[in-house]
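Chains as they are written, first to last, in our numbering: chain A, 1 to 251; chain B, 1001 to 1327. C-beta: ideal position from N, C-alpha, C; glycine also.
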Amino acid sequence: MTEPVLEVRDLHRAFGALKATDGVSLTLRRSEIHALIGPNGAGKSTLIGLIAGNLKPDAGQVVLNGRDVTQADVAARARAGLARSFQVSAVAGELTVLQNVVLAVQGARGQSFRFFRPALANAGLRAAAETHIARTGLSDRLAVPAGDLAHGERRRLELAMALALAPRAFVLDEPMAGMGPDGAREMTALLDDLRHEAPILLVEHDMDAVFALADRVSVLVSGRILASGTVAEIRADPEVQRAYLGEERLE
Amino acid sequence: MRRETVLNAVLALGLLAVPLAAQAMGEPFIVTLATKVAILALAGVGLNIALGLGGMVSLGHAAFFGIGGYAMAVLAAPVQAYEPLMTWPFELAGTKSMPVIWVAAMVAGALGALAIGALSLRTSGVYFIMITLAFGQMLYYFAISWPAYGGEDGISVYVRNGFPGLNTLDPIQFFALAYGVLMAALMVSWMLARSGFGLALAGARQNPVRSAALGIRPYSVKLTAFVISGAITALAGALFADLNRFVSPSMLSWQTSGEIMVFVILGGVARLFGPVAGAALFILLEHWLGGFSEYWKLFLGLALLGIVLFARGGLIGTLAGREVAHD
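Okay, here's the thing in structure tokens:
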């Protein structure tokens, strides 16, 4: 087996007496989609914060492409190729679709300190941005302020911005949240395609999407990985059934 | 052409035409008023980079305005006293040369903004406002208790500093200088807003968390903008001191910070020519209402209230409509 792209080793993080992350280890291998599921309050958001760098762990390591990035800040991890999307759409609402993605491209390239050249007149930046926008199907919305986009479009803009980081690994926090069935189906197809760009750590509540996409599933309960395995193994695991999937039908 | 572009051109040409006409009619006082507008607008252009582009509500920009003023006094006062500026560790003479004073004022303003910004930007929201105010007040009280430069009384520089090839004592020539500097600063502000840096600053203002996830450090981007902003406002301070040939701690007072902010808000936050429109309106109100009633600031207050409540984009926003994304 090749070395994992992203590896989390025995991460711990407590908030007072609450152990939000309690010894989590997981790996993300090339071209795979690794889904992370768990009930509300299981510690998924904390884990994402630790991986992306918004939170610092009490103990443990985050390794990206063989490099220990535990001490690196959010921006440094982003430039190292960790592309993160947010649970609640996070874009710059007054900027257009094109400006948002150009912002991401120049951020990833470390070109944010150019004081005179107009950003949108930079053909290199612009071409890269337009490619990512086309990939997510927003080409006819280039000049629309991101704040005016429909919900599903905004989620796709987020993905275009994540793509612009030339990512080594995606960490996607509920990309299907709030989408209708059609939107979710399109997003599922898009994610299936993106895994060849970079592997995806997918936090998602939409079980249809998880079971359709995931190569492996890890179940997080009370800050610990309860079980980890293929979709079939997780579906069959009685402990998972009891702890999490209990009431839900899994056909 | 966009309406805002037309409006900007009208403002730029109007500010040029009024003093020229006044000069032709032998009204040097109007020329001086227009010079004041240009210089105060320049201070506003500086603040607008922090406030408008960067979303940093600084109530301490008088600090940079005053730093610029005192930079002028520190350099020029020794010359009229026939003394060197300093003798240790090496001897350095003062100067009456405006270009040298301008560079010194901008460097001093930038350093001041770097120190104040580096600490203030660790906070945000109302704390940022209060801490910038506190730094401004600190400098104000320092100037009051600085006997070498007149303390509370301030210090006069009797002869206006010189600029190569110009007679700066002639009001219209000094106006031309101030106007030229204002136009240059507006050009810098315009380029900055459209540049990659401007985009990163807009991202840092609107969504700092997301910006960080894109590999941009919002703190560094905002601090850089704050430093540029401080340098431009300090340059305005140096010119203002030269206009009055006098520097006093009042340049550093929090009322001055408030007035600079009023220019920006009256004219339109984040609009390129907002500070020009705001400063012009302010000086007009001060001049006309001031002659009409001692309580003119009451009317100014009402006008400001009206703009904040009913015309969010200030004068420019009201006349030119919603800002369109520039391409």
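beta-carbon residue i near the ligand NAD non-hydrogen atom, thresh 7 Å
{"i": "Thr-136 of chain A", "result": "This structure lacks the ligand NAD; in fact it carries no ligand of any kind."}
Reference residue i, options the options, closest by Cα
{"i": "Ala-1236 of chain B", "options": "B:Val-1045, B:Arg-1002, B:Leu-1015 and B:Phe-1029", "result": "B:Val-1045"}
{"i": "Gln-1137 of chain B", "options": "B:Glu-1027, B:Leu-1059, B:Ser-1293 and B:Glu-1286", "result": "B:Leu-1059"}
{"i": "Ala-143 of chain A", "options": "A:Met-179, A:Val-102 and A:Leu-36", "result": "A:Val-102"}
{"i": "Thr-1095 of chain B", "options": "B:Pro-1249, B:Ala-1113 and B:Met-1072", "result": "B:Met-1072"}
{"i": "Gly-1052 of chain B", "options": "B:Leu-1319, B:Leu-1266, B:Leu-1013 and B:Ala-1108", "result": "B:Leu-1266"}
{"i": "Ala-108 of chain A", "options": "A:Gly-93, A:Val-69 and A:Ala-162", "result": "A:Ala-162"}
{"i": "Phe-1282 of chain B", "options": "B:Leu-1300, B:Ser-1293, B:Phe-1292 and B:Val-1188", "result": "B:Leu-1300"}
{"i": "Val-231 of chain A", "options": "A:Ala-129, A:Ala-212, A:Val-69 and A:Phe-113", "result": "A:Ala-212"}
{"i": "Ala-198 of chain A", "options": "A:Pro-167, A:Ser-45, A:Leu-26 and A:Val-240", "result": "A:Pro-167"}
{"i": "Arg-135 of chain A", "options": "A:Gly-147, A:Ala-150, A:Ala-146 and A:Glu-186", "result": "A:Glu-186"}
{"i": "Ile-1144 of chain B", "options": "B:Leu-1252, B:Leu-1020, B:Gly-1125 and B:Glu-1259", "result": "B:Leu-1252"}
{"i": "Ala-1238 of chain B", "options": "B:Gly-1321, B:Tyr-1219 and B:Leu-1040", "result": "B:Leu-1040"}
{"i": "Ala-1185 of chain B", "options": "B:Thr-1233, B:Asn-1161 and B:Asp-1170", "result": "B:Thr-1233"}
{"i": "Ala-1077 of chain B", "options": "B:Ala-1280, B:Gly-1230 and B:Asn-1161", "result": "B:Asn-1161"}
{"i": "Ala-243 of chain A", "options": "A:Thr-27, A:Leu-159 and A:Asn-40", "result": "A:Asn-40"}
{"i": "Val-171 of chain A", "options": "A:Pro-181, A:Gly-180, A:Glu-158 and A:Gln-106", "result": "A:Glu-158"}
{"i": "Leu-1166 of chain B", "options": "B:Val-1126, B:Met-1098 and B:Leu-1111", "result": "B:Met-1098"}
{"i": "Ala-128 of chain A", "options": "A:Ala-164, A:Gly-178 and A:Asp-148", "result": "A:Ala-164"}
{"i": "Leu-1182 of chain B", "options": "B:Arg-1122, B:Ala-1277 and B:Pro-1164", "result": "B:Ala-1277"}
{"i": "Ala-1270 of chain B", "options": "B:Gln-1206, B:Ala-1017, B:Ile-1049 and B:His-1287", "result": "B:Ile-1049"}
{"i": "Gly-110 of chain A", "options": "B:Ser-1220, B:Ser-1229 and B:Leu-1013", "result": "B:Ser-1220"}
{"i": "Asn-1207 of chain B", "options": "B:Gly-1054, B:Leu-1020 and B:Ala-1093", "result": "B:Gly-1054"}
{"i": "Leu-328 of chain A", "options": "A:Met-176, A:Gln-241 and A:Val-217", "result": "In the structure as shown, chain A starts at 1 and stops at 251, and residue 328 of chain A therefore has no counterpart that could be examined."}
{"i": "Ala-150 of chain A", "options": "A:Pro-118, A:Leu-125 and A:Gly-183", "result": "A:Gly-183"}
{"i": "Val-1262 of chain B", "options": "B:Ile-1307, B:Val-1074 and B:Trp-1288", "result": "B:Ile-1307"}
{"i": "Pro-118 of chain A", "options": "B:Ala-1320, B:Thr-1132 and B:Trp-1190", "result": "B:Trp-1190"}
{"i": "Val-1111 of chain B", "options": "B:Thr-1005, B:Thr-1224 and B:Leu-1092", "result": "Before going on, a small fix: residue 1111 of chain B reads as Leu here, not Val. Among B:Thr-1005, B:Thr-1224 and B:Leu-1092, the Cα nearest to that of Leu-1111 of chain B is on B:Thr-1224."}
{"i": "Ser-1124 of chain B", "options": "B:Met-1056, B:Thr-1256 and B:Lys-1297", "result": "B:Met-1056"}
{"i": "Ala-1017 of chain B", "options": "B:Ala-1034, B:Leu-1139, B:Met-1187 and B:Ile-1216", "result": "B:Ala-1034"}
Beta bridge counterpart(s) of residue i as assigned by DSSP
{"i": "Ser-85 of chain A", "result": "A:Leu-172"}
{"i": "Ile-1155 of chain B", "result": "B:Val-1247"}
{"i": "Phe-1163 of chain B", "result": "B:Leu-1166"}
{"i": "Val-203 of chain A", "result": "A:Leu-36 and A:Asp-173"}
{"i": "Ser-228 of chain A", "result": "A:Ser-218"}
{"i": "Thr-96 of chain A", "result": "A:Pro-145"}
{"i": "Ser-1195 of chain B", "result": "A:Pro-118"}
CB contact check: residue i to chain D, cutoff 8 Å
{"i": "Gly-178 of chain A", "result": "Among the chains of the structure shown, chain D does not appear; the protein chains present are A and B."}
Taking contact to mean at least 3 C-beta pairs separated by less than 8 Å, is the segment 221–240 of chain A in contact with the segment 18–31 of chain A? yes
If contact means a Cβ-Cβ distance below 9 Å, which residues of the segment 109–129 of chain A contact chain B? Arg-109, Gly-110, Gln-111, Ser-112, Phe-113, Arg-114, Phe-115, Phe-116, Arg-117, Pro-118, Ala-119, Leu-120, Ala-121, Asn-122 and Leu-125
3 or more residues per run - each beta strand (DSSP E) lying fully within the segment 5–87 of chain A: 6–15, 18–28, 33–37, 59–64 and 82–85
For the segment 1075–1133 of chain B, list the beta strand (DSSP E) runs that are entirely contained and at least 3 residues long, ordered along the chain. 1084–1086
Which full runs of the alpha helix (DSSP H) of 4+ residues lie inside the segment 106–146 of chain A, going along the chain? 123–135
Given 8 Å as the limit, is there contact between the segment 201–209 of chain A and the segment 35–42 of chain A, that is, 3 or more CB pairs closer than that? yes
Answer yes if the segment 55–75 of chain A comes into contact with the segment 91–101 of chain A, meaning at least three C-beta pairs across the two stretches below 8 Å, and no otherwise. no
Going along the segment 81–104 of chain A in order, which residues come within less than 9 Å of chain B, judged by CB to CB distance? Leu-82, Ala-83, Arg-84, Ser-85, Phe-86, Ala-90, Val-91, Ala-92, Gly-93, Glu-94, Leu-95, Thr-96, Leu-98, Gln-99, Asn-100, Val-102, Leu-103 and Ala-104
Quick check on the DSSP output: what are the complete alpha helix (DSSP H) runs of length 4 or more inside the segment 1222–1301 of chain B, in order along the chain? 1254–1267 and 1274–1292
Does the structure place the segment 1242–1262 of chain B close enough to the segment 1150–1164 of chain B that three or more beta carbon pairs sit under 8 Å? yes
Please confirm if the segment 82–90 of chain A is in contact with the segment 1184–1196 of chain B, defined as three or more CB-CB distances below 8 Å between the two stretches. no
Give, in chain order, every residue of the segment 1048–1075 of chain B whose Cβ lies closer than 8 Å to some Cβ of chain A. none
Which residues, in chain order, does the segment 1172–1201 of chain B contribute to contact with chain A at a C-beta distance below 8 Å? Met-1191, Leu-1192, Arg-1194, Ser-1195, Gly-1196, Phe-1197, Gly-1198, Leu-1199 and Ala-1200
Using a Cβ cut-off of 9 Å, which residues of the segment 1208–1240 of chain B contact any Cβ in chain A, in chain order? Val-1209, Arg-1210, Ser-1211, Ala-1212, Ala-1213, Leu-1214, Gly-1215, Ile-1216, Arg-1217, Pro-1218, Ser-1220, Val-1221, Thr-1224 and Ile-1228
Closer than 7 Å between beta carbons: that is the criterion. Which residues of the segment 1295–1314 of chain B meet it against chain A? none
Taking 8 Å as the cut-off, does the segment 1028–1038 of chain B touch the segment 1165–1179 of chain B (at least 3 CB pairs, one atom from each stretch)? yes
Contact between the segment 1060–1069 of chain B and the segment 1202–1218 of chain B: three or more CB pairs below 8 Å? no
Of all the residues that make up the segment 65–76 of chain A, which are near chain B by a beta-carbon distance shorter than 9 Å? Asp-73, Val-74, Ala-75 and Ala-76
Just by C-beta distance, which residues in the segment 20–52 of chain A are closer than 7 Å to chain B? Ala-52
In the segment 159–172 of chain A, which residues sit with their C-beta less than 9 Å from some C-beta in chain B, listed in chain order? Met-161, Ala-162, Ala-164 and Leu-165
Between the segment 210–239 of chain A and chain B, which residues of the former have CB atoms less than 8 Å from a CB of the latter, in chain order? none
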